[in-house]
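Asks: My structure is below; once you've seen it, I'll send some questions.
Protein chains in written order, with this note's numbering: chain A, 15 to 232; chain B, 373 to 534.
Structure, rendered in C-alpha cells:
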C-alpha cells in the first residue's frame with residue numbers, strides 16, 4: 015500500500031468509517047511506515063483539539079456571508095473552466111459574473127421591469143420605423159428630375175383620360191389663382207392681360223384644356 | 373414697368389409662341405396640354421421662388437423657352453415610341469431587330485432629354501447666386517412632389533366618380 019492510500023484510510027478511521035478489512039490493511043502499513051505513524055499522531059492531535067472547541071451559535075446572516083465568502087474563495091481557487099465545471103451551478107454563475115467584474119443577483123421584479131422596458135422600446139421602435147417608412151413611400155419626386163417626373167406622370171395619364179383632364183384643369187386653376195394673387199398684390203398692373211374664368215373667349219388659348227391628345231401621353 | 377410685370381409679360385409672350393410648337397407635336401388638339409400648363413405654373417413659381425431680377429429674367433427666359441420647346445418635342449417623341457413599343461410587344465410576328473431598334477431609340481430619347489435638362493440647369497446655375505441655386509434645388513423637389521400629389525388627387529377623384 016502506498017502512503018497516499020494509507021493517509022486516506024487514516025482519515026476514514028478517524029471519522030469512524032473504516033471497515034474491518036481496511037483496518038487490517040492500514041495496521042499492516044503502519045507497522046512498516048514511520049511517516050504514516052507520525053501522520054496518524056498529528057491527525058489525532060488535530061481532531062482532539064477540534065473537539066475541544068466550544069460550539070458557537072452564529073446567526074443565519076453570518077452563515078450566508080460565510081457561505082458567500084467560501085464560494086468566492088472556491089471560485090478564486092478554480093483556475094480554469096474545468097475547475098468551474100465541478101462547482102455547483104450557482105457558484106459557476108457567480109464565477110462568470112465575477113469575470114465581468116460585477117456581482118449579479120436574481121431579482122424577479124427587476125427582470126419583469128426590464129422585460130416590460132424591452133417590449134415598450136420595441137413597440138416604440140416599430141411605430142417610429144413604420145411611420146417613417148410610410149413617409150418614405152413617396153421618395154420618387156425627390157430623386158427624379160422634372161423631366162423624369164413628367165415622363166412618369168404622362169405615362170400614368172395616358173392610361174387615365176379622366177385623370178388627365180382633371181389634372182389639366184387643376185393646373186389651369188392653380189395658374190389662375192397664382193396670377194390673381196399677384197394681381198391683388200398690385201404686382202401685375204402693367205400687363206394688359208386678363209385671365210377671366212367665366213368668359214372662356216377671354217381666356218388665353220394656352221389655358222384651354224379641351225381636346226387633349228391623350229394618345230401622345232400628355 | 374415693375375419687375376413682376378415684366379416677368380409675366382415675358383412668360384406670356386413665351387407661352388404664346390408655344391402654341392405652334394406644341395401644335396406640331398399634337399395636331400389633333402386645339403388647346404394646350406398638361407405639359408404646357410405645368411410649364412407655365414413651374415415658370416411662375418420658379419420666378420417667385422428664386423426672386424429673379426430683371427437682368428436674370430432677360431437672360432434665363434429665352435434659354436428656358438428653347439429648352440422647353442426641345443424637351444417637349446423629345447417627350448412627345450418618347451411617348452409615341454413607348455406607345456408603339458407597347459403595341460409591338462403584343463405582336464408575335466415582330467423580329468428581334470425591330471425591338472432592338474425601338475429600344476435604342478427610346479434610350480436615345482431618354483438620354484437626349486436628360487442631357488438637355490442638364491444643359492439648361494448648368495446654364496441656369498451660371499446666372500443664379502448661391503442662395504438662388506440652393507432655392508432652385510428645393511423648389512425643383514417641391515414642385516415635382518406637388519405635381520405627383522396633384523396627379524394622385526386627380527386619379528383619386530376619377531376613381532370616385534366612376
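No residue lacks a Cβ here, since even glycine has one placed at the ideal position from N, Cα and C.
Quick caveat, the model's predicted, so the values are computed rather than measured.
#1: Please classify residue 398(B) as buried or exposed, where buried requires at least 16 other C-beta atoms within 10 Å of its C-beta.
#2: Leaving out the 5 sequence neighbours to the left and right, which residues in its chain are closer than 7 Å to residue 177(A) when beta-carbon positions are compared?
#3: Going by beta carbon distance, what residues of the same chain come within less than 8 Å of residue 50(A), once the five residues before and after it are set aside?
#4: Taking C-beta pairs closer than 8 Å, name the residues in chain A that residue 418(B) reaches, listed in chain order.
#5: According to the neighbour-count rule (16 or more other Cβ atoms, all chains shown, within 10 Å of its Cβ), is residue 161(A) buried or exposed?
#6: Does the beta-carbon of residue 432(B) have 16 or more other beta-carbons within 10 angstroms, so that it is buried, or is it exposed?
#7: Here's the rule: buried if 16 or more other CB atoms are within 10 angstroms of the residue's CB, otherwise exposed. What is residue 483(B)?
#8: Verify the CB distance criterion: does residue 485(B) have a CB-CB separation below 8 Å to chain A?
#9: I'd like to know whether the C-beta of residue 489(B) is nearer than 8 Å to at least one C-beta of chain A.
#10: Less than 7 Å between the CB of residue 506(B) and some heavy atom of the ligand ADP, yes or no?
#11: Roughly how many whole angstroms lie between the Cα atoms of residue 64(A) and residue 122(A)?
#12: Report the neighbours of residue 181(A) on chain B: residues whose CB is nearer than 8 Å to its CB, in chain order.
#13: Of all Cβ atoms in chain B, is any one closer than 8 Å to the Cβ of residue 194(A)?
#14: For my contact list, residue 181(A) and residue 522(B) are in at a C-beta cut-off of 8 Å; report their separation, rounded to the angstrom.
#15: Locate the alpha helix (DSSP H) running through residue 47(A), then write down its first and last residues.
#16: Please classify residue 443(B): is it buried, with 16 or more other beta-carbons within 10 angstroms of its beta-carbon, or exposed?
#17: Please report the straight-line C-alpha distance between residue 206(A) and residue 435(B), rounded to a whole angstrom.
#18: Taking residue 502(B) as the reference, give the member of 408(B), 424(B), 409(B) and 411(B) with the closest Cα.
#19: Any chance you could list the alpha helix (DSSP H) runs of at least 4 consecutive residues sitting entirely within the region 406 to 492 of chain B, in chain order?
#20: For residue 443(B), go through chain A and note every residue whose CB falls closer than 8 Å to its CB, in chain order.
#21: Using the three-state DSSP reduction, which class does residue 73(A) fall into: helix, strand or coil?
#22: Have a look at residue 52(A) and residue 91(A) and give me their C-alpha separation to the nearest angstrom.
#23: Rounded to whole angstroms, how far is the Cβ of residue 513(B) from the Cβ of residue 478(B), which I believe are closer than 8 Å?
#24: How is residue 16(A) classed by DSSP in three states: helix, strand or coil?
#25: Mapping the DSSP letters down to three states, classify residue 22(A) as helix, strand or coil.
#26: When you compare the CB positions of residue 470(B) and residue 481(B), do they come within less than 8 Å of one another, or not?
#27: Could you tell me how far apart the beta carbons of residue 421(B) and residue 507(B) are, in whole angstroms, since I believe they sit closer than 8 Å?
Replies: According to the structure data:
#1: With a pLDDT of 45 at residue 398(B), under the threshold of 50, the modelled position of that residue is not reliable, and the figure given next carries that caveat. So residue 398(B) counts as buried.
#2: Answer for residue 177(A): 171, listed in chain order.
#3: Excluding positions up to five away in sequence, the list reads 17, 20, 21, 24, 43 and 44.
#4: The CB of residue 418(B) never comes closer than 8 Å to any CB in chain A; the least such distance is about 10 Å.
#5: The residue is buried, with at least 16 neighbouring Cβ atoms inside 10 Å.
#6: Buried.
#7: Exposed, because fewer than 16 other Cβ atoms sit within 10 Å of the Cβ of residue 483(B).
#8: At a cut-off of 8 Å between beta-carbon atoms, residue 485(B) makes contact with chain A.
#9: Chain A contact via Cβ: present.
#10: No copy of the ligand ADP occurs in the structure displayed, which carries no ligand at all.
#11: The straight-line gap separating the alpha-carbon atoms of residue 64(A) and residue 122(A) is approximately 43 Å.
#12: Taking a Cβ-Cβ cut-off of 8 Å, the neighbours of residue 181(A) in chain B comprise 406, 522, 523 and 526, given in sequence order.
#13: No, no contact with chain B.
#14: With a Cβ gap of about 6 Å, residue 181(A) and residue 522(B) count as contacting.
#15: From DSSP, residue 47(A) is part of no alpha helix (DSSP H); its letter is neither H nor E.
#16: It is buried - the Cβ of residue 443(B) has at least 16 other Cβ atoms within 10 Å.
#17: Legend: pLDDT at residue 206(A) = 32, less than 50; position of this residue unreliable, value from coordinates given subsequently. Spanning the two alpha carbons is a distance of roughly 25 Å.
#18: That would be 424(B), whose Cα lies nearest to the Cα of residue 502(B).
#19: If only complete runs of 4 or more residues are kept, the region 406 to 492 of chain B shows the alpha helix (DSSP H) at 406 to 422 and 426 to 461, in order along the chain.
#20: Correct list: 161.
#21: DSSP places residue 73(A) in coil when its eight states are reduced to three.
#22: Using only the alpha carbons, I get a separation of about 29 Å.
#23: Taking a contact as a CB-CB distance under 8 Å, the pair residue 513(B) and residue 478(B) does not count as one, their CB atoms being some 26 Å apart.
#24: Coil, per DSSP.
#25: In the three-state reduction of the DSSP assignment, residue 22(A) falls in the helix class.
#26: Their beta carbons are not under 8 Å apart, which means residue 470(B) does not touch residue 481(B) by this criterion.
#27: Indeed they touch by this definition, with Cβ atoms about 6 Å apart.
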